[in-house]
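Reading through the structure tokens given below for one structure.
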Amino acid sequence: MTRLVVVADDHEGGELAAEIIADQVEANAASVLGIATGTTPLTTWAALAEHGLDLSGVDAFALDEYVGLPQGHPESFESVVHREVVVPLGLDPTRVRVPVSHGVDPHLAAAGYEQSILEAGGIDLQILGIGRNGHLAFNEPGSTLESLTRVAPLNAETREDNARFFSSVDEVPTECITQGLGTISRARTLILLAFGSHKAQALAAALEGPIGVQMPASIIRSHPDAVVIADRQAAALFGTTGADRLASA
Ligand code: F6R
25 MTRLVVVADD HEGGELAAEI IADQVEANAA SVLGIATGTT PLTTWAALAE HGLDLSGVDA
85 FALDEYVGLP QGHPESFESV VHREVVVPLG LDPTRVRVPV SHGVDPHLAA AGYEQSILEA
145 GGIDLQILGI GRNGHLAFNE PGSTLESLTR VAPLNAETRE DNARFFSSVD EVPTECITQG
205 LGTISRARTL ILLAFGSHKA QALAAALEGP IGVQMPASII RSHPDAVVIA DRQAAALFGT
265 TGADRLASA
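So, in structure tokens, the structure goes:
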């Protein structure tokens, strides 16, 4: 079942998500966590750091990575995960994986990454953000619901959105390796975070529109254990009819 929790702001949302992660790790110190990058999870990492929980036994898998950035590029997700998650939370860097393809055929790297997730026993708790176009990880609209970790194109809107991390949009890679919607669906628990009015349209479509390839984030409604944590602005277009439908989904 999918639950929607509406919070006042991203700080309250981050605290709630951090509590769920902390409960998971307290129950199993060797949990496997799924990590999103971007702006959305930053308050979650900050709140989790406040908990002071020992996360050194946790395995973690990032959702995605650009293809084509040089190793060590500050905006590669490998660097971002290290800087924003591994160091502040005290994760063991040898247990944290990002789907990089340094010197390796990206298609092989993607297949190997999917295999690594399976070998780790699957992801216990996956943190997700949502794109303005409803993408989940870098599964753009049109991605199949069964898709696995693979090389995928980044569409123009996503590259524009992520241009804020680069000097210009031309520097944003055109391809990525992303966990697929099928990969994400296999995680035992999903937490989808959505903060800000720029996410309202996508969130309403994901939670109230048809479940299908045109709205990747809609897959969370087919998941047996998913929670959506949204602030009031992101939840603003979400109607009561949708809430009823969601509760029974
Ligand atoms: C990040 C990811 C993306 C982001 C989404 C929202 O690893 O896979 O799906 O979660 O683009 O990005 P922000 O949080 O920057 O708005």
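The numbering of the sequence shown is the working numbering, which starts it at 25 and goes up by one.
All residues carry an ideal CB built from backbone N, CA and C; glycine is no exception.
Assuming phenylalanine 101 is part of the alpha helix (DSSP H), what are its boundary residues?
In the sequence shown, the residue the question calls residue 101 occupies position 77. Counting along the chain, the alpha helix (DSSP H) containing phenylalanine 101 begins and ends at 101 to 105.
Along the chain, which unbroken stretches of the beta strand (DSSP E) at least 3 residues long are found entirely within the segment 172 to 246?
174 to 177, 199 to 202, 213 to 218
Excluding the 5 residues flanking arginine 256 on each side, which residues of the same chain have their C-beta closer than 7 angstroms to its C-beta?
Here residue 256 refers to the residue found at position 232 when the sequence shown is read from its first residue. Cβ neighbours of arginine 256 beyond the five flanking positions: Val30, Ala32.
Which residues are close to the ligand F6R, meaning CB closer than 5 angstroms to any heavy atom, in chain order?
Ala60, Thr61, Gly62, Thr63, Thr64, Leu87, Asp88, Gly153, Gly155, Ala161
Over what stretch of residues does the beta strand (DSSP E) that includes glutamine 150 continue unbroken?
To locate residue 150, count along the sequence shown from 1; it is residue 126. Per DSSP, glutamine 150 belongs to the beta strand (DSSP E) from 149 to 152.
So what's arginine 156 in DSSP terms, helix, strand or just coil?
Here residue 156 refers to the residue found at position 132 when the sequence shown is read from its first residue. Correct three-state label for arginine 156: coil.
Determine, using beta-carbon pairs with one atom in the segment 216 to 224 and one in the segment 56 to 71, whether at least three such pairs fall under 8 angstroms.
yes
Given a cut-off of 8 angstroms, decide if valine 196 and arginine 183 are closer than it, judged by their beta-carbon atoms.
For the purposes of this step, residue 183 is taken as the residue at position 159 of the sequence shown. For the purposes of this step, residue 196 is taken as the residue at position 172 of the sequence shown. Their beta carbons are under 8 angstroms apart, which means arginine 183 touches valine 196 by this criterion.
Whose C-alpha, out of Arg107, Leu132, Ala229, Arg245, is nearest the C-alpha of leucine 169?
Looking up residue 169 in the sequence shown gives position 145. Of Arg107, Leu132, Ala229, Arg245, the residue nearest in Cα terms is Arg245.
Could you check whether glycine 158 and alanine 230 sit closer than 8 angstroms to each other, using their CB atoms as the reference points?
If you number the sequence shown from 1, residue 230 lands on position 206. If you number the sequence shown from 1, residue 158 lands on position 134. Yes, these two residues count as a Cβ contact at 8 angstroms.
According to the Cβ coordinates, are glutamine 139 and isoleucine 208 closer than 8 angstroms?
Taking the first residue of the sequence shown as 1, we reach residue 139 at position 115. Taking the first residue of the sequence shown as 1, we reach residue 208 at position 184. The answer is no: Cβ separation not under 8 angstroms.
Is DSSP giving arginine 119 helix, strand or coil here?
Taking the first residue of the sequence shown as 1, we reach residue 119 at position 95. Looking at arginine 119 - three-state DSSP - the assignment turns out to be helix.
Looking at the unbroken beta strand (DSSP E) that takes in threonine 26, where does it start and where does it end?
As a working note, residue 26 is residue 2 in the sequence shown. Taken as a continuous stretch (DSSP letters only), the beta strand (DSSP E) holding threonine 26 covers 26 to 31.
From what residue to what residue does the beta strand (DSSP E) around glycine 58 run?
The residue labelled residue 58 in the question sits at position 34 within the sequence shown. Per DSSP, glycine 58 belongs to the beta strand (DSSP E) from 56 to 59.
Close-in-space but distant-in-sequence residues of the same chain around alanine 134 (CB under 6 angstroms, 5 per side omitted):
As a working note, residue 134 is residue 110 in the sequence shown. If we look at alanine 134 and ignore the five residues flanking it on each side, its Cβ neighbours are Thr173, Arg174, Val175, Ile201.
DSSP three-state label for aspartate 34, please.
Walking along the sequence shown from the start, residue 34 turns up at place 10. Residue state, collapsed to three classes: helix.
Just reading off the beta strand (DSSP E) that glutamate 84 is part of, what are its end residues?
Counting from one through the sequence shown, the residue named residue 84 turns up at place 60. The sequence shown places alanine at residue 84, rather than the glutamate named in the question. Looking at the DSSP string, the run of the beta strand (DSSP E) that includes alanine 84 is 83 to 86.
Helix, strand or coil at alanine 161 [DSSP, three-state]:
Taking the sequence shown and counting its residues from 1, one reaches residue 161 at position 137. Here alanine 161 sits in coil by DSSP.
Under the three-state DSSP convention, the category aspartate 249 falls into
On the sequence shown, position 225 is the one that residue 249 refers to. Aspartate 249 falls in the coil class under three-state DSSP.
With DSSP as the reference, label aspartate 47 as helix, strand or coil.
Taking the first residue of the sequence shown as position 1, residue 47 is located at position 23. If DSSP states are grouped into helix, strand and coil, aspartate 47 belongs with the helices.
For the alpha helix (DSSP H) holding histidine 126, just list the boundary residues, first then last.
Counting from 1 along the sequence shown, the entry for residue 126 is found at position 102. No alpha helix (DSSP H) holds histidine 126; DSSP gives it neither H nor E.
Quick check on this structure: which residue in Asp116, His131, Asp34, Pro234 has the alpha carbon closest to the alpha carbon of glutamine 203?
To locate residue 203, count along the sequence shown from 1; it is residue 179. Ranking Asp116, His131, Asp34, Pro234 by Cα distance to glutamine 203 puts His131 first.
Just to confirm, is the Cβ distance from valine 56 to isoleucine 147 under 8 angstroms?
To locate residue 56, count along the sequence shown from 1; it is residue 32. To locate residue 147, count along the sequence shown from 1; it is residue 123. Yes, they are a contact pair.
Would you say glutamate 108 and glutamate 89 are within 8 angstroms of each other, going by their C-beta atoms?
Stepping through the sequence shown from its first residue, residue 108 is reached at position 84. Stepping through the sequence shown from its first residue, residue 89 is reached at position 65. No, the Cβ-Cβ distance between glutamate 108 and glutamate 89 is not below 8 angstroms.
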